[in-house]
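Student: Going down the list, the protein sequences come from chains A and B. In this text, residue positions in the first sequence follow the numbering used here: the first is 1, and each later residue adds one. In this text, residue positions in the second sequence follow the numbering used here: the first is 1, and each later residue adds one. Every residue gets a Cβ at the ideal spot worked out from N, C-alpha and C, and that includes glycine. Remember, it's a predicted structure, so these values are computed and weren't measured experimentally.
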Amino acid sequence: MTTKQDKRLSYVVLTLPSILIYAAVIIFPVMFSLVLGFTEWGGYGAPVWNGLKNYSRMFADQIFLHGLRNNLLIVAVSVFGQIPFGFLLAYIIYRRLVKGGRLFETMIFLPITVSAVVVAKLWNQMFSPSGMVTGLIRIIRDDPRFVLQIFENRDFAIMPILGVILWYYTGIYMVIFLANLQRVSPSVIEAAIIDGAKEHQILFRVVLPQMVNIVFTTAVFAIAGSLKSFDLIFTMTGGGPANYTTVIAIYMYLNTFRYYNYGFGSAISIMIVALSLGLITLIRSVFRRFEERYE
Amino acid sequence: MSSRELSIHRIMRKRGDGLAAWRIFAYVFMAFFTLLTVGPLFWLLYSSFKPHADIVRSIFSFPTSFFVENYQKAWTLGQLGTMILNSVFYASIATAVTVYLALAAGYGFAKFGFKISNVFYIFFIMGLLITAHSVLVPLFVMEVRLGIDDTRLGVLIPYIGFGLPFMIYLATSYVKGIPNSMEEAAIIDGASYLQIFWTVIRPMSAPVVATMLIFAFLSNWNEFVFVFVLTSRQEIRSLPVGVNAFVGGLSRDFGLLFAALVIATIPMIVFYILFREQLAKGFAAGAVKE
Chain A
1 MTTKQDKRLS
11 YVVLTLPSIL
21 IYAAVIIFPV
31 MFSLVLGFTE
41 WGGYGAPVWN
51 GLKNYSRMFA
61 DQIFLHGLRN
71 NLLIVAVSVF
81 GQIPFGFLLA
91 YIIYRRLVKG
101 GRLFETMIFL
111 PITVSAVVVA
121 KLWNQMFSPS
131 GMVTGLIRII
141 RDDPRFVLQI
151 FENRDFAIMP
161 ILGVILWYYT
171 GIYMVIFLAN
181 LQRVSPSVIE
191 AAIIDGAKEH
201 QILFRVVLPQ
211 MVNIVFTTAV
221 FAIAGSLKSF
231 DLIFTMTGGG
241 PANYTTVIAI
251 YMYLNTFRYY
261 NYGFGSAISI
271 MIVALSLGLI
281 TLIRSVFRRF
291 EERYE
Chain B
1 MSSRELSIHR
11 IMRKRGDGLA
21 AWRIFAYVFM
31 AFFTLLTVGP
41 LFWLLYSSFK
51 PHADIVRSIF
61 SFPTSFFVEN
71 YQKAWTLGQL
81 GTMILNSVFY
91 ASIATAVTVY
101 LALAAGYGFA
111 KFGFKISNVF
121 YIFFIMGLLI
131 TAHSVLVPLF
141 VMEVRLGIDD
151 TRLGVLIPYI
161 GFGLPFMIYL
171 ATSYVKGIPN
181 SMEEAAIIDG
191 ASYLQIFWTV
201 IRPMSAPVVA
211 TMLIFAFLSN
221 WNEFVFVFVL
231 TSRQEIRSLP
241 VGVNAFVGGL
251 SRDFGLLFAA
261 LVIATIPMIV
271 FYILFREQLA
281 KGFAAGAVKE
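#1: Quick one: is V270(B) near chain A, going by C-beta distance under 7 Å?
#2: Consider the Cβ of S238(B): report whether some Cβ of chain A lies at a distance smaller than 7 Å.
#3: Any beta-carbon of chain B closer than 7 Å to the one on N71(A)?
#4: Which word fits K99(A), buried or exposed, when buried means at least 16 other C-beta atoms lie within 10 angstroms of its C-beta?
#5: Inspect the beta-carbon positions of V225(B) and S48(B) and report whether they are closer than 7 Å.
#6: From the DSSP output, in three-state form, read off T39(A) for me.
#7: Among all the DSSP beta bridges, which residues are the ones paired with V30(A)?
#8: In the DSSP assignment, the alpha helix (DSSP H) including T246(A) goes from what residue to what residue?
#9: In this structure, what does DSSP give as the bridge partners for W49(A)?
#10: Are at least three pairs of beta-carbons, each pair with one atom in the stretch 236 to 246 of chain A and one in the stretch 149 to 166 of chain A, less than 8 Å apart?
#11: Mind checking whether E40(A) and V30(A) have CB atoms under 7 Å apart?
#12: At a cut of 8 Å, does the stretch 61 to 74 of chain B reach the stretch 135 to 148 of chain B through at least three beta carbon pairs?
#13: Grouping DSSP H, G and I as helix and E and B as strand, with all else coil, what is M1(A)?
#14: Using the Cβ count rule (16 or more neighbours within 10 Å means buried), how would you classify D231(A)?
#15: With 16 as the cutoff for other CB atoms within 10 Å, does W294(B) come out buried or exposed?
#16: Indicate the three-state DSSP secondary structure (helix, strand or coil) for E277(B) in the structure shown.
#17: Indicate whether at least one CB of chain A lies closer than 7 Å to the CB of Y159(B).
#18: Can you say whether V286(A) is buried or exposed, counting buried as having 16 or more other CB atoms within 10 angstroms of its CB?
#19: Cutting at 7 Å between CB atoms, please list the residues of its own chain near I93(A), excluding the five before and the five after it.
#20: Please state whether DSSP places P179(B) in a helix, a strand or coil.
#21: Are S18(A) and L194(B) close, meaning C-beta to C-beta below 7 Å?
#22: At what residues does the alpha helix (DSSP H) containing N153(A) begin and finish?
#23: Count the other CB atoms, across all protein chains shown, that sit within 10 Å of the CB of N222(B); report buried if there are 16 or more and exposed otherwise.
#24: In whole angstroms, what is the alpha-carbon distance linking R145(A) and A216(B)?
#25: Buried or exposed for Q5(A), going by 16 or more other Cβ atoms inside 10 Å?
#26: Whose C-alpha, out of V118(A), L208(A) and I150(A), is nearest the C-alpha of D133(A)?
#27: Please report how far the alpha carbon of A245(B) lies from the alpha carbon of A260(B), in whole angstroms.
#28: Is the stretch 79 to 91 of chain B in contact with the stretch 147 to 163 of chain B, if contact means three or more CB pairs nearer than 8 Å?
#29: Would you kindly report the start and end of the unbroken alpha helix (DSSP H) that includes N255(A)?
#30: Under three-state DSSP, which class holds T131(B)?
#31: Helix or strand or just coil, what does DSSP make of K198(A)?
#32: Within the 7 Å Cβ cut-off, does H52(B) reach chain A?
#33: Considering just the uninterrupted stretch of the alpha helix (DSSP H) at N124(A), what are its terminal residues?
#34: Which two residues bound the contiguous alpha helix (DSSP H) that contains M211(A)?
#35: Going by C-alpha to C-alpha distance, which of S192(B), V200(B) and I116(B) sits closest to S181(B)?
#36: What is the DSSP secondary structure of L97(A), reduced to helix, strand or coil?
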């Protein structure tokens, strides 16, 4: 039948270009990375098979472990900072607890449009001896010579960056929650109010249980996003000083494009994907339990 | 006011103290967050009109006069004009191609009823988890072998490829919601599938296409790592990469640095003011409960 053939041909015309580009840019390179991760390769000649050596080398490297720790801190700040703050901001606007919620929303969402590079350079200036943060601390401590030394501390150097991440991304979560809160039927809340529910009871007993799914989805976003974090930190500190603020993606970048260990670099990027899959599976099982409790 | 509304109103008033405390908390929390967000951006803006010496001498002071020299110098020294044109080029072409391809594929996946569609669709959705970094090495090697590294084409292809998963997700779920009767009527009229795509599906998808265009444009505009790794020629680099390089070397003149950052921010702020609604939709669409 010609129409059936016609249908097939149309399908190919419609979908094939996307599939080809996607396969070339993502599917094939990911498989390439997977294989390359088991080899030693400097970019020329044939890759030399070395089994799991790249992976054992990774976990024996203090820099990688420090980067992993920093990544996990970013995940923590995203899941336990951005999500609750974003939710609370959205809830306040949704329940009209403040006037001009719209204006607040616009302002808080603003940083999302600024590119990571600008955010990084701006906050570098904020923390510098002639920056706003330093200036404020000088006023508070009444010490005109104060300079921030937190970046020289191996354990705490990542903390200011965590603050910047919170500053940069909380608006996204606010917008996501706001869109979903708008779907909660107002009559349910009215009914609760008539029954004499207090505001915190509306929040915890009426609204939050309906948001469990969304919290899960945003948590998945937050995890995937956190492990990817590269642009911001790379352009802010480059992972320095002395790798104190490094994350896995920066560790991967340096090993690949500065030291030309393509095999090792590939193994690190596979590790990033594996870690995000692992964490997402973990958080999924946690949320399953939550859902069971609520239903 | 209906009697029901009145009774709610009365109860609301009776709720009294608890709610008042909530309102105070809400205002403080909101004001704090807003100040925190806008403060640094405002500081950046007014400091960009101060000469370097003033920025270092007094952190908070407002500019005494508009020192526009910062802007003139940053614009020429940083070649920001070229960078902006490059960014416009990358972002518009990649966005147009991605959105077109995604809508076409979305139509195929949503309406043709072929079983293989599910396989393809899941493949694309899995791509949401893949980060640019996990393909940088092979991509770089592939582009060098093909001789398209350090070219505009070599930048556009990964932009498109990485844009597709989310765009296909948006397009497919939207096109699924278009009633089949529209399509069937066109088939009876003797239209081919490709004609249906162009004359029925495309116009009916206008709302989602708007969201897709705006969301894709923002992510393409702010994209950093592909241009950073895959190009080395200054004249084809995008604004974020160019600003990173320019500003990175400016420890001697903070005035120029601030001016360059403001120039890099303004296009997207204007964009944001124009398309706020659509942007928010794009971010929210990823997590809206079905």
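Tutor: Let me spell this out:
#1: no
#2: no
#3: no
#4: exposed
#5: no
#6: strand
#7: V30(A) is not bridged to any residue.
#8: No alpha helix (DSSP H) contains T246(A), which DSSP labels as neither H nor E.
#9: T39(A)
#10: yes
#11: no
#12: no
#13: Note that M1(A) scores a pLDDT of 46, beneath 50, so its modelled location is shaky; the value from the coordinates is reported in the next line. Note: M1(A) maps to coil in three-state DSSP.
#14: buried
#15: No statement about residue 294(B) is possible, as the shown extent of chain B runs from 1 to 290 and does not include it.
#16: helix
#17: no
#18: exposed
#19: G101, F104, E105 and L178
#20: coil
#21: no
#22: No alpha helix (DSSP H) contains N153(A), which DSSP labels as neither H nor E.
#23: buried
#24: 46 Å
#25: exposed
#26: The amino acid at residue 133(A) is misidentified as Asp; the sequence shows Val. For V133(A), the nearest C-alpha among the options comes from I150(A).
#27: 11 Å
#28: yes
#29: Element bounds for N255(A): n/a, residue is neither H nor E.
#30: coil
#31: coil
#32: no
#33: A116 to F127
#34: Careful: M211(A) lies outside any alpha helix (DSSP H) and carries neither H nor E.
#35: V200(B)
#36: coil
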